[in-house]
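**Q**
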Amino acid sequence: MRRTARSFADRMAARRSVRHFSAEPVPLEVVEEAVRAAATAPSGANLQPWRFVIVTDPERKRRLRRAAEAEELEFYSRRAPQEWLRAVAPMGTDWQKPFLETAPVVIVVFEVHQGPRTPKPYYVKESVGIAVGVLITALHLSGLVTLPHTPSPMKFLNEVCERPDEERACVVMPVGYPADEVNVPRLTRKPLAEVLVRR
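In our numbering, the protein residues as written are 4 to 202.
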């Protein structure tokens, strides 16, 4: 048990969010198996209030990128607090999101709320958040990279992905291999003693 736990923690410590993707295709069955793993996440009343939309069509990815960049430009130039802009500056992120078009696969994760075809779900955000964590883990352990991207607002994703109103997008995840010239921020993670409390 100790070896398994240590090995898993070490593998996850190597995970990085990537903003520079290769256009090289990835095996879709690997992505689908990662989604299958994500769908095992616990959920309120086991109602599984999630939908994972896998986007590979180049034109649809282009539309997604254009709409996301329009929202991001507005956010970065008008709505973003200066404190937030300073916090993300070391990561080199801005309103431009070419990875939404370059990555061979984009997964859009939707929360499923009550609607004509769906019962009232419970703990939607918590349930979907856990599922996204499992998805990120499954993709990493499969040898793929991803980036949780959260444009705001996200209503445009219903139109791009042709989803009903009771589904609300919560995260956009480009998926693929890192580009040859990939550059990831030099990050440090808090030590275990700082995040773990024993009582």
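Beta carbons are placed, not taken as given, at the ideal position from N, Cα and C, and that holds for glycine.
Given Val137, which residues of its chain have a CB within under 6 angstroms of its CB, disregarding the five upstream and five downstream residues?
**A** Within the same chain, Val137 has close Cβ partners Ala40, Ala41 and Ala44.
**Q** Where DSSP assigns a beta bridge to His152, which residues make up the other side?
**A** The partner list for His152 (beta bridge, DSSP) reads Val175.
**Q** Indicate the three-state DSSP secondary structure (helix, strand or coil) for Tyr1 in the structure shown.
**A** Nothing can be reported for residue 1: it is not among the residues displayed for the chain, which extend from 4 to 202.
**Q** Work out the CA separation of Gln99 and Pro84 for me, nearest whole Å.
**A** The alpha-carbon atoms of Pro84 and Gln99 are separated by roughly 18 angstroms.
**Q** Taking its Cβ as the centre, do 16 or more other Cβ atoms sit within 10 Å of Ala26, making it buried, or is it exposed?
**A** With fewer than 16 other Cβ atoms within 10 Å, it is exposed.
**Q** Which residue or residues does DSSP assign as beta-bridge partners of Ile110?
**A** Note: Ile110 sits in a beta bridge opposite Ile57 and Met176.
**Q** Going by DSSP, which residues form a beta bridge with Phe24?
**A** For Phe24, which the question treats as bridged, DSSP gives the partners Pro181.
**Q** Would you mind stating whether Thr153 and Leu142 have Cβ atoms separated by less than 9 angstroms?
**A** Not closer than 9 angstroms, so no.
**Q** Assign Val29 to one of three DSSP states: helix, strand, or coil.
**A** In this structure, Val29 counts as coil in the three-state DSSP scheme.
**Q** Among Phe102, Ala90, Thr96 and Glu36, which has the Cα closest to the Cα of Leu67?
**A** Nearest option by C-alpha distance: Phe102.
**Q** How many angstroms separate the CA atom of Thr105 from the CA atom of Pro61?
**A** Answer to the nearest angstrom: the Cα atoms are 9 angstroms apart.
**Q** Between His152 and chain C, is any beta-carbon pair separated by less than 9 angstroms?
**A** Absence of chain C from the displayed structure is noted, only one protein chain being present.
**Q** Could you tell me which of Leu195, Arg201, Leu199 and Arg202 sits nearest to Ala16, measuring between CA atoms?
**A** Measuring from the Cα of Ala16, the nearest candidate turns out to be Leu195.
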